[in-house]
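The structure appears below as structure tokens.
In our numbering, the protein residues as written are 407 to 606.
What follows is the structure, given as structure tokens:
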């Protein structure tokens, strides 16, 4: 039996890291250079949301063996794509609901990564405590952003910017680390399969 192709895992990894970088840059933009979520900023957020949605769904359909980083990405990708479409369809109302939805997204992303950390422990990934601790921090940032929007404790662009900046950082390092580990283990298993076939 011929060795199986590695599929689209490397491409999914690279795309997700790149898009996480876009999320980080968008967070910096909203935090440092935006005063209000006006039309220009809203469409920046819309484009980012659609990119994130597409990248996450692409990652979900990769043949990543353990699917730690990508295991929740189909639903999350649909959610982010829906945010992007809603912003484009209802741009004048977007400034009201987008900050809250982004806060909820960051909160859920952090909570999903808490489960990823627990699953990583089962697979013997040594940095699972770091994944867990940073995921808890990300969840708290998302909760704080959502509560602050509801209570009007800060400007929406500050809340969105801080939440997206934290989410971008978290996704860059977790995707870079966990997907690399899984790809290595998958290649090892493929080599073992080849040896078994040679011995038959």
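C-beta atoms are modelled at their ideal positions from N, C-alpha and C, and glycine is treated no differently.
Given a threshold of 16 other Cβ atoms within 10 Å of its Cβ, counted over all protein chains shown, does residue i qualify as buried or as exposed?
{"i": "residue 424", "result": "exposed"}
{"i": "residue 507", "result": "buried"}
{"i": "residue 541", "result": "buried"}
{"i": "residue 571", "result": "buried"}
{"i": "residue 530", "result": "exposed"}
{"i": "residue 462", "result": "buried"}
{"i": "residue 432", "result": "buried"}
{"i": "residue 539", "result": "exposed"}
{"i": "residue 439", "result": "exposed"}
{"i": "residue 421", "result": "buried"}
{"i": "residue 581", "result": "buried"}
{"i": "residue 457", "result": "buried"}
{"i": "residue 455", "result": "buried"}
Could you give the C-beta distance for residue i and residue j, rounded to a whole number, given that I count them as a contact under 8 angstroms?
{"i": "residue 533", "j": "residue 466", "result": "With a Cβ gap of about 23 angstroms, residue 533 and residue 466 do not count as contacting."}
{"i": "residue 568", "j": "residue 547", "result": "7 angstroms"}
{"i": "residue 501", "j": "residue 562", "result": "7 angstroms"}
{"i": "residue 478", "j": "residue 518", "result": "5 angstroms"}
{"i": "residue 513", "j": "residue 549", "result": "5 angstroms"}
{"i": "residue 544", "j": "residue 576", "result": "5 angstroms"}
If we ignore side chains and look at the alpha-carbon of each, how far apart do residue i and residue j end up?
{"i": "residue 486", "j": "residue 566", "result": "14 angstroms"}
{"i": "residue 418", "j": "residue 558", "result": "38 angstroms"}
{"i": "residue 553", "j": "residue 482", "result": "21 angstroms"}
{"i": "residue 551", "j": "residue 505", "result": "8 angstroms"}
{"i": "residue 449", "j": "residue 585", "result": "31 angstroms"}
{"i": "residue 602", "j": "residue 435", "result": "Its pLDDT being 47, under 50, residue 602 is placed unreliably in this model, and the value from its coordinates should be taken loosely. Each residue's alpha carbon lies about 54 angstroms from the other."}
{"i": "residue 414", "j": "residue 468", "result": "5 angstroms"}
{"i": "residue 494", "j": "residue 520", "result": "32 angstroms"}
Looking at the structure shown, is residue i part of a helix, part of a strand, or coil, going by DSSP?
{"i": "residue 532", "result": "coil"}
{"i": "residue 414", "result": "coil"}
{"i": "residue 607", "result": "No answer is possible for residue 607: it lies beyond the span of the chain, which begins at 407 and ends at 606."}
{"i": "residue 560", "result": "coil"}
{"i": "residue 477", "result": "coil"}
{"i": "residue 468", "result": "coil"}
{"i": "residue 390", "result": "Residue 390 lies beyond the range of the chain shown here (407 to 606); nothing can be said about it."}
{"i": "residue 607", "result": "Here the chain covers residues 407 to 606 and nothing more, so residue 607 does not appear."}
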